[in-house]
Amino acid sequence: MYFFDYSVVDGPIAGSSAYAVEEVGACCAIGDGDIMMRFLPCYQVVESMRLGMDPKLAAKDAIARLVKKFPDFLGAVV
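Following this line, the structure appears as structure tokens:
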């Protein structure tokens, strides 16, 4: 089992650690809360899916945006 040394205190910020649209899908994530609040990766994933992107590619795209600015980022998007 893997554990991240992060808390979920930023969970209430829509799009940072969770986001869902009934007609499209949902996403959840974990990582550095300050970074997650800046990039809103879950919002990005769901919006990319709304535009027709495959869920796996949408998650990879959201992580790529984070890593471009923060190369040492540790986290997960599901």
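Each residue of the sequence shown is one higher than the one before, counting from 1282 in my numbering. Ideal Cβ placement from N, Cα and C applies to all residues, glycine included.
Excluding the 5 residues flanking it on each side, G1306 has same chain C-beta neighbours closer than 7 Å at V1327, M1330 and P1336, in chain order.
Here C1308 is not near V1348, since their CB atoms are 8 Å or more apart. By the criterion of a C-beta distance shorter than 6 Å, P1322 is surrounded in its chain by A1310, A1343 and V1358, once the five residues flanking it on both sides are discounted. In the three-state scheme derived from DSSP, where H, G and I count as helix and E and B as strand, A1295 is classed as coil. DSSP lists G1306 as the bridge partner or partners of V1302.
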